[in-house]
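Enquirer:
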Amino acid sequence: LTSSLAGIRLEEILSSEDPDLKVAALRECASSGKLGAPDRVFDCLTDRDVLVRGAAADALAAAGEQAAPLLGKVAMLLVSGDAGAKCAAAEVLGALATTVVHASALAALLEDSGEDTSAAAVAGCPCGASRPKAERRLPRAAAAEALAKIGDVGTAFAAAVAGLLEDSVPEVRCAAAASLGMMGAAGAAFESELLKRLSSEQDHRVLASGALSLAEMSKAKERPSQAAAEVVVRLLSHQHPGVRAGAARALGSLGEGAIPHVAKLLKCFGDRSPQVKIAAMEAIVALGPAGQVYAADVARVAFDGWQLPVARAAALDVLPRLGERGAAFAYEVEELISDPEEEVRNAASRALSVFSGEAGRSYDWS
Numbered sequence: 004l005t006s007s008l009a010g011i012r013l014e015e016i017l018s019s020e021d022p023d024l025k026v027a028a029l030r031e032c033a034s035s036g037k038l039g040a041p042d043r044v045f046d047c048l049t050d051r052d053v054l055v056r057g058a059a060a061d062a063l064a065a066a067g068e069q070a071a072p073l074l075g076k077v078a079m080l081l082v083s084g085d086a087g088a089k090c091a092a093a094e095v096l097g098a099l100a101t102t103v104v105h106a107s108a109l110a111a112l113l114e115d116s117g118e119d120t121s122a123a124a125v126a127g128c129p130c131g132a133s134r135p136k137a138e139r140r141l142p143r144a145a146a147a148e149a150l151a152k153i154g155d156v157g158t159a160f161a162a163a164v165a166g167l168l169e170d171s172v173p174e175v176r177c178a179a180a181a182s183l184g185m186m187g188a189a190g191a192a193f194e195s196e197l198l199k200r201l202s203s204e205q206d207h208r209v210l211a212s213g214a215l216s217l218a219e220m221s222k223a224k225e226r227p228s229q230a231a232a233e234v235v236v237r238l239l240s241h242q243h244p245g246v247r248a249g250a251a252r253a254l255g256s257l258g259e260g261a262i263p264h265v266a267k268l269l270k271c272f273g274d275r276s277p278q279v280k281i282a283a284m285e286a287i288v289a290l291g292p293a294g295q296v297y298a299a300d301v302a303r304v305a306f307d308g309w310q311l312p313v314a315r316a317a318a319l320d321v322l323p324r325l326g327e328r329g330a331a332f333a334y335e336v337e338e339l340i341s342d343p344e345e346e347v348r349n350a351a352s353r354a355l356s357v358f359s360g361e362a363g364r365s366y367d368w369s
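Okay, here's the thing in structure tokens:
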């Protein structure tokens with residue numbers, strides 16, 4: 004444990020009333036992959052603090068087989084009266100890819116209208132951290148995510164998950180879209196339902212998640228869907244940068260299937276939002292050899308002093324992944340070692356290290 008926790012037994016920490024101490028201890032458990040006090044970690048799944056519950060779920064998930072003796076007790080929480088505990092239990096069962104024994108209980112949560120409305124869940128922690136994700140507050144969102152992770156026994160409930168696309172809560176619709184995208188062919192069977200949802204959707208989170216799911220569905224069907232591609236490309240022009248970035252990532256996940264739309268991706272290099280630029284550059288890498296011919300476009304972002312440092316640094320991280328064409332800019336990258344922006348200098352150093360380390364290459368940076 005961290006120095007502030009040294010000398011204190013894990014059981015004592017997890018039985019304390021200090022949520023910060025418990026979170027720190029549970030994160031250390033997750034990092035090490037060891038459960039020093041399994042029963043106390045389990046008890047933390049029902050803690051009143053959402054951050055403690057989430058950290059406990061992470062610790063159990065990281066423990067793998069060590070957590071197996073607790074799965075029966077964890078599954079019992081799915082039928083408890085505590086929405087937060089239900090979410091934590093679903094997260095653990097999904098992360099450990101539990102068997103058919105618990106699939107039906109998870110599926111039952113898809114109809115659970117509860118929500119963890121504790122102060123910590125609604126407002127985030129006092130330090131101003133963002134609101135905890137929906138899967139840690141809304142049981143039906145947690146169930147949708149978990150079912151997508153447990154294989155065929157979970158994808159058998161794809162129709163029920165698809166029903167959540169019409170939920171009144173945007174975060175639940177977002178979770179449903181993401182889950183369907185993870186369910187392979189079973190989820191892809193509901194592409195038309197997702198397309199219908201996106202045609203009238205206003206929430207940017209659902210649109211971004213839906214774009215990625217459409218791409219995953221196309222891959223699952225082993226053929227590009229023209230209707231899905233048209234929707235994703237159209238979302239590249241959406242007013243919200245999160246949607247544009249999501250659409251760019253969706254095209255990237257198609258790999259070579261995105262080649263017909265590469266001109267649209269290149270246009271995103273001039274987007275006003277750094278996150279859209281970065282997503283588009285990552286998508287170019289995903290095109291494989293076909294994307295390497297656009298190394299010069301990526302290099303222009305890296306060398307453009309008017310670009311934000313985060314975008315330039317991302318471009319420098321992408322260049323070494325563009326093969327010979329990316330490496331052709333090695334000497335120009337060397338000049339950025341003295342760039343005024345530290346983030347750019349560091350990224351240039353990383354790129355040069357990759358160029359130097361590639362087999363058959365020798366660059367003199369002196």
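Letter 363 of the sequence shown, counting from 1, is numbered 366 in the working numbering, and no numbers are missing.
The beta-carbon is built from N, C-alpha and C at its ideal position, and this holds for glycine as well.
Predicted model, so just to flag it, every value in this text is computed and none were measured.
For the putative contact between G57 and P135, defined by C-beta atoms under 8 Å, what is the C-beta separation to the nearest angstrom?
Expert: To locate residue 57, count along the sequence shown from 1; it is residue 54. To locate residue 135, count along the sequence shown from 1; it is residue 132. That belief holds up - the Cβ atoms of G57 and P135 are roughly 7 Å apart, short of 8 Å.
Enquirer: Compute the Euclidean distance between the alpha carbons of F358 and I281, then round it to the nearest angstrom.
Expert: On the sequence shown, residue 358 is found 355 positions in, with the first residue counted as 1. On the sequence shown, residue 281 is found 278 positions in, with the first residue counted as 1. Each residue's Cα considered, the two are about 21 Å apart.
Enquirer: Which one of K224, A253, E225 has the shortest CA to CA distance from R237?
Expert: In the sequence shown, residue 237 corresponds to position 234, counting from 1. Out of K224, A253, E225, A253 has the C-alpha closest to the C-alpha of R237.
Enquirer: Within the same chain, show all residues whose beta-carbon is closer than 8 Å to that of Q278, passing over the 5 residues directly before and after it, in chain order.
Expert: As a position in the sequence shown, residue 278 is number 275, starting the count at 1. Only P244, G245, A248 meet the Cβ criterion.
Enquirer: Can you have a look at M79 and say buried or exposed, based on whether 16 or more other CB atoms are within 10 angstroms of its CB?
Expert: The count along the sequence shown starts at 1 and reaches residue 79 at position 76. Exposed, since its Cβ has fewer than 16 Cβ neighbours within 10 Å.
Enquirer: Going by C-alpha to C-alpha distance, which of K222, S228, A231, K267 sits closest to S256?
Expert: Reading the sequence shown from its first residue, position 253 is the one you call residue 256. Of K222, S228, A231, K267, the residue nearest in Cα terms is K222.
Enquirer: Please report the Cβ distance between L239 and A251, rounded to the nearest whole angstrom; I am assuming they are in contact, meaning their Cβ atoms lie under 8 Å.
Expert: Working through the sequence shown from its first residue, we reach residue 239 at position 236. Working through the sequence shown from its first residue, we reach residue 251 at position 248. The beta carbons of L239 and A251 sit about 7 Å from each other, so the pair counts as a contact at 8 Å.
Enquirer: Taking just the CA atoms, how far does E148 sit from A113?
Expert: By 1-based counting over the sequence shown, the position of residue 113 is 110. By 1-based counting over the sequence shown, the position of residue 148 is 145. Correcting the residue type first, residue 113 is Leu in the shown sequence and not Ala. When rounded, the separation of the alpha-carbon atoms in L113 and E148 is 10 Å.
Enquirer: Please return the same chain residues whose Cβ sits closer than 6 Å to the Cβ of F193, not counting the five positions on each side in sequence.
Expert: One-based indexing of the sequence shown puts residue 193 at position 190. Result list for F193: A165, L183, in chain order.
Enquirer: Straight-line CA distance for A145 to G97?
Expert: Locating residue 145 in the sequence shown gives position 142, counting from the first residue. Locating residue 97 in the sequence shown gives position 94, counting from the first residue. Looking at the two C-alpha atoms, the distance is approximately 9 Å.
Enquirer: What is the rounded straight-line gap between the Cα of C90 and the Cα of D61?
Expert: Within the sequence shown, numbered from 1, the residue matching residue 90 stands at position 87. Within the sequence shown, numbered from 1, the residue matching residue 61 stands at position 58. Cα to Cα, the separation comes out at about 12 Å.
Enquirer: Please look up how many angstroms separate the CB atoms of R315 and V301, rounded, as I've assumed it's under 8 Å.
Expert: On the sequence shown, position 312 is the one that residue 315 refers to. On the sequence shown, position 298 is the one that residue 301 refers to. The pair is not a contact, with the Cβ atoms about 10 Å apart (cut-off 8 Å).
Enquirer: In whole angstroms, what is the alpha-carbon distance linking L215 and P263?
Expert: As a first step, residue 215 is located in the sequence shown; it is residue number 212 there, counting from the start. As a first step, residue 263 is located in the sequence shown; it is residue number 260 there, counting from the start. Straight-line Cα distance between these residues: approximately 17 Å.
Enquirer: Is any beta-carbon of chain B found at less than 8 Å from that of A165?
Expert: Of the chains in the structure shown, none is chain B; there is only one protein chain.
Enquirer: In its own chain, which residues sit with a C-beta less than 6 Å from the C-beta of A92, not counting the 5 before and 5 after it?
Expert: The count along the sequence shown starts at 1 and reaches residue 92 at position 89. Excluding sequence neighbours, A92 sits near V77, L80, L81.
Enquirer: For M186, which three-state DSSP category applies?
Expert: As a working note, residue 186 is residue 183 in the sequence shown. M186: coil per DSSP, three-state reduction.
Enquirer: So what's Q69 in DSSP terms, helix, strand or just coil?
Expert: On the sequence shown, position 66 is the one that residue 69 refers to. In this structure, Q69 counts as helix in the three-state DSSP scheme.
Enquirer: Can the beta-carbon of A59 be found closer than 8 Å to that of V44?
Expert: Here residue 59 corresponds to residue number 56 of the sequence shown, with the count starting at 1. Here residue 44 corresponds to residue number 41 of the sequence shown, with the count starting at 1. Yes, Cβ-Cβ distance for A59 and V44 is below 8 Å.
Enquirer: Can you name, in chain order, every residue of its own chain whose Cβ lies under 6 Å from the Cβ of C271, other than the five neighbours on each side?
Expert: The residue labelled residue 271 in the question sits at position 268 within the sequence shown. The answer, listed in chain order, is A251, V279, A283.
Enquirer: Quick one, which of D42, G154, M185, L201 has its alpha-carbon nearest E169's?
Expert: Translated into positions along the sequence shown, residue 169 becomes position 166. Closest option to E169, Cα to Cα, is L201.
Enquirer: Taking just the CA atoms, how far does R226 sit from G131?
Expert: Locating residue 131 in the sequence shown gives position 128, where the first residue counts as 1. Locating residue 226 in the sequence shown gives position 223, where the first residue counts as 1. For G131, the pLDDT reaches just 49, beneath the cut-off of 50, and the residue's location in the model is therefore unreliable, leaving the point undetermined.
Enquirer: V336 and L319 look like a contact to me (Cβ under 8 Å); what is the Cβ gap, rounded to whole Å?
Expert: Position 333 of the sequence shown holds residue 336. Position 316 of the sequence shown holds residue 319. The pair is a contact, with the Cβ atoms about 7 Å apart (cut-off 8 Å).
Enquirer: Run through DSSP, which three-state label would S18 get?
Expert: As a first step, residue 18 is located in the sequence shown; it is residue number 15 there, counting from the start. If DSSP states are grouped into helix, strand and coil, S18 belongs with coil.
Enquirer: Got a sec? Which residues, its chain only, sit under 8 Å from V288 by beta carbon, not counting five neighbours each side?
Expert: If you number the sequence shown from 1, residue 288 lands on position 285. Here the set comprises G255, G294, V321, R324, L325.
Enquirer: Can you tell me which of G154, G273, G291 puts its alpha carbon nearest to the alpha carbon of E259?
Expert: As a working note, residue 259 is residue 256 in the sequence shown. Cα-wise, what sits closest to E259 is G291.
Enquirer: Is the distance from the Cβ of L355 to the Cβ of V347 below 8 Å?
Expert: As a first step, residue 355 is located in the sequence shown; it is residue number 352 there, counting from the start. As a first step, residue 347 is located in the sequence shown; it is residue number 344 there, counting from the start. Cβ atoms of L355 and V347: not closer than 8 Å.
Enquirer: Roughly how many angstroms separate the alpha carbons of P173 and D206, rounded to a whole number?
Expert: For the purposes of this step, residue 173 is taken as residue 170 along the sequence shown, with counting starting at 1. For the purposes of this step, residue 206 is taken as residue 203 along the sequence shown, with counting starting at 1. For P173 and D206, the distance between alpha carbons rounds to 7 Å.
Enquirer: Smallest Cα separation from R139: which of V95, G190, G157, A111?
Expert: Counted from its first residue, the sequence shown places residue 139 at position 136. Taking only the C-alpha atoms, the option nearest R139 is V95.
Enquirer: Identify the continuous alpha helix (DSSP H) that holds F45 and give its terminal residues.
Expert: Position 42 of the sequence shown holds residue 45. Note, F45: alpha helix (DSSP H), 41-46.
Enquirer: Using CA atoms only, rank isn't needed, just tell me which of A331, V175, L210 is closest to V234.
Expert: Residue 234 sits at position 231 when you count from the first residue of the sequence shown. Cα-wise, what sits closest to V234 is L210.
Enquirer: What are the start and end residues of the alpha helix (DSSP H) that includes T373?
Expert: Shown here, the chain extends from 4 to 369; a query on residue 373 therefore has no answer.
Enquirer: Grab me the residues of E118's own chain with a C-beta within less than 7 Å of its C-beta, minus the 5 sequence neighbours each way, in chain order.
Expert: One-based indexing of the sequence shown puts residue 118 at position 115. Closer than 7 Å at Cβ, skipping near neighbours: A86, R140, L141.
Enquirer: Below 8 Å between beta carbons: does that hold for G39 and A66?
Expert: Within the sequence shown, residue 39 is the residue found at index 36, counting from 1. Within the sequence shown, residue 66 is the residue found at index 63, counting from 1. The answer is no: Cβ separation not under 8 Å.
Enquirer: Give me, in chain order, the residues of the same chain whose beta-carbon lies closer than 6 Å to that of A330; leave out the 5 immediate sequence neighbours on both sides.
Expert: Here residue 330 is taken as the residue at index 327 of the sequence shown, counted from 1. Around A330, the same chain offers F358 as residues with beta carbons nearer than 6 Å, after the five sequence neighbours per side are excluded.
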